[in-house]
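Convert by adding 7 to the 1-based position in the sequence shown; the result is the number in our numbering.
Ideal Cβ positions, reconstructed from N, Cα and C, are used throughout, including at glycine.
This structure is a prediction, so every number in the text was calculated from the model and none was measured.
Okay, so here's the structure we're looking at.
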Amino acid sequence: DGEKGRWKCTRPGGACEQGPLPDGSCCRPIPKCSPVRSLRARRGLFTWTVLAVTAGALLVLLGGSWRNNFINPGGLSDPHSSRAFAALAHGTNCSDQTCASCHAAGGSGPGGLMQAAFSASPGPFEWHKLADATRTDMTSIDHACTTCHAGHAFHEPNVVRDHSCSLCHAEHLGAGPMRAPTDANCASCHANEPVMFASTQMGRKLPPSAFEFRPGRGLKEFRGARPAQGYTKVFRSFSDHPEFRVHADRQRDPDTLKFGHALHLTSETIPKLPNGRKLDCTFCHQPDASIARFQPVKFEQHCRVCHSLQFDPETPELTLPHGEPRFVSAFLASLARQYGDYARERKGLKRDADAQAFAETRLHALQEQTGSRGELEKRVFFSTSTHGPASQIGTLGGAARALYPGCAYCHEVKADAAGAAHVTPALVPDRWLPHGDFTHARHTQVACANCHDTIHSKETSDIILPAKASCATCHSPAGGVKSSCSTCHAYHNEPPKKALSAR
């Protein structure tokens with residue numbers, strides 16, 4: 008019953024004005040239950056729908072004839088798309104052929120791809136291994152690289168881990184040469200202090216001979232002493248690159264040839280060249296055909312113009328041979344014939360008697376200055392003086408010009424037990440920085456003196472290579488020239504011959 012003629016409904020909704028129906032049922036209709044999906048349920052349905060559609064699309068795309076076009080991320084570099092590579096690898100990554108040359112599962116269908124994915128190490132569900140894995144670890148595709156590139160080795164014998172090939176050498180970026188490794192690739196080791204420390208420790212266990220493996224390729228290279236810690240300093244880019252070892256260790260040129268750049272380029276005593284030109288760097292240092300390096304300095308081409316090897320001022324065209332000491336000795340032993348030939352060719356003395364008289368006169372004059380032929384030979388080889396004995400003419404006296412300065416004026420000359428002279432050959436390297444790939448071809452617009460401090464170099468032992476700061480004036484963001492690691496360095500070295508023969 009209600010109060011004051013009104014009914015009280017016990018259902019939710021408050022008072023009921025009409026009251027119950029005659030049969031006692033409620034006058035309000037009871038709606039049917041209409042459940043609504045929660046946000047979580049709707050997300051799950053969407054996810055499964057996407058997965059089903061994706062799986063179906065992949066099965067269609069990977070199972071059809073266009074499978075290679077679908078999974079190929081881009082064009083290959085020239086070395087890996089050539090006919091030579093196709094013949095070597097029996098298949099390439101081209102769209103009309105199999106990918107199996109480099110990708111182990113490339114020749115299988117969808118089932119093989121799935122099997123390869125789940126049999127990989129670490130696998131897709133090995134969470135701890137995946138978390139500990141690094142990008143530098145070797146993968147199956149990296150092992151495929153070594154089937155062709157079996158002769159490649161790492162920088163040094165003390166490298167503590169194999170480095171992923173594909174991390175530094177990325178493929179499918181288009182035709183042309185492969186892109187050079189980035190600084191980040193190099194920094195994965197050289198900026199990693201634990202890795203560099205491990206390399207230091209490993210290097211201490213190896214004999215010094217283990218590091219003598221770089222082939223000279225026919226070039227004479229300057230080989231300085233290896234640092235005690237090896238090349239293991241931690242750095243990230245050229246801006247914090249260590250100073251070049253030749254300067255950091257104050258290394259010296261071991262060449263025994265006596266030469267000073269300052270004397271030849273600045274001294275007023277240096278005569279002019281035949282065309283009146285002043286001696287400069289380019290007269291002796293001339294580029295080779297590649298313009299990357301310079302041709303060797305040769306005595307006949309560069310030095311004889313000033314150092315003529317004249318030994319008798321009365322016969323200026325008659326000069327000593329340069330090179331083997333035995334040739335010099337043979338020349339001095341045949342002076343009588345040399346003078347006779349000179350008289351016929353240069354003096355026009357056709358009669359043998361006249362030529363012989365000229366030769367005897369010149370030999371007598373030499374003997375007055377040097378004594379016997381043996382003394383002349385000693386002076387030729389061992390004298391270092393540019394002045395001869397003091398002379399007195401009337402009331403005037405002074406040192407005279409030496410008959411011949413002697414080989415020892417420029418060279419190191421030693422006598423054996425029998426007294427024979429031995430001249431130490433000059434040793435001028437073709438490459439001063441064997442760890443760097445420097446080329447003069449890209450520096451032709453830079454003056455020599457900008458990089459090489461010649462005017463202060465007085466000794467042969469001075470190494471006048473530019474320091475790192477000199478290079479950084481251009482090779483830096485401020486200088487505008489690229490300064491990446493690959494600009495100057497190549498990662499791989501040729502392995503020792505023993506390692507090659509063992510393959």
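Here T143 is near S195, since their CB atoms are less than 8 Å apart. A Cβ-Cβ distance of about 5 Å is found for the pair F389 and A415, placing them in contact under the 8 Å criterion. DSSP places H87 in the helix class (H, G or I) of the three-state scheme.
The Cβ-Cβ distance between D149 and S171 falls below 8 Å.
A check of alpha carbon separations from E384 across Y346, V335, S468 identifies V335 as the nearest. Per DSSP, the unbroken beta strand (DSSP E) holding V420 starts and ends at 420–422.
Annotation: H150 is outside any beta strand (DSSP E); the continuous alpha helix (DSSP H) that includes it extends over 147–155. Residue environment: N282 is assigned as exposed (fewer than 16 neighbouring CB atoms within 10 Å of its CB, all protein chains considered).
Between the region 285–301 and the region 241–259 there are fewer than three C-beta pairs closer than 8 Å, too few to call the two in contact. For V430, the enclosing beta strand (DSSP E) starts and ends at 428–430. Assigned with DSSP and collapsed to three states, T368 falls in helix. In the DSSP annotation of this structure, the continuous segment of the alpha helix (DSSP H) that includes N457 starts and ends at 455–458. For M185, no alpha helix (DSSP H) encloses it, and the DSSP letter there is neither H nor E.
S84 has its alpha-carbon roughly 52 Å from the corresponding atom of L270.
About 6 Å separates the beta carbons of G413 and R386, which is inside the 8 Å limit, making them a contact pair.
In the three-state scheme derived from DSSP, where H, G and I count as helix and E and B as strand, T326 is classed as strand.
Cβ-Cβ distances below 6 Å link Q122 to nothing in the same chain once the five nearest sequence neighbours on each side are left out.
Comparing alpha-carbon positions, the option among D287, C109, V43, N199 lying closest to A456 turns out to be D287. DSSP, read as helix, strand or coil, puts P201 in helix. In chain order, C175, S493 place their CB closer than 6 Å to the CB of P188, counting only its own chain and leaving out the 5 sequence neighbours on each side. Measuring C-alpha to C-alpha distances from K212 to each of D423, A235, V312 identifies A235 as the nearest.
Within a 10 Å sphere around the beta-carbon of S379 sit fewer than 16 other beta-carbons, which makes this residue exposed. DSSP, reduced to helix, strand and coil, places Q317 within a strand of the structure shown. Annotated three-state conformation of R438 is strand, per DSSP.
Judged by their CB atoms, L327 and L342 are not nearer to each other than the 8 Å cut-off. Per the DSSP secondary-structure output, F125 pairs with nothing in a beta bridge. Looking at the backbone, the Cα of A112 and that of A64 are separated by about 20 Å. The beta carbon of F229 sits closer than 6 Å to the beta carbons of P436, W439 from its chain, once the five residues preceding and following it are set aside; these are given in chain order. In this structure, K475 lies near F251, with their beta-carbon atoms less than 8 Å apart. Per the C-alpha coordinates, the member of L180, T263, V488, T273 positioned closest to G81 is L180.
Our two residues, K357 and D319, have alpha carbons roughly 22 Å apart in a direct line.
Taking a C-beta distance under 8 Å as the contact criterion, G237 and N165 qualify as a contact pair. Using a 10 angstroms sphere on the CB of G210, the tally of other CB atoms reaches 16 or more, which defines it as buried. Residue pairing from DSSP places F301 in a beta bridge opposite P294. When the beta-carbon positions are compared, C495 and G443 come within less than 8 Å of each other. Beyond the five residues adjoining it in sequence on each side, R351 comes within less than 7 Å, by CB distance, of K357, A362 in the same chain, given in chain order.
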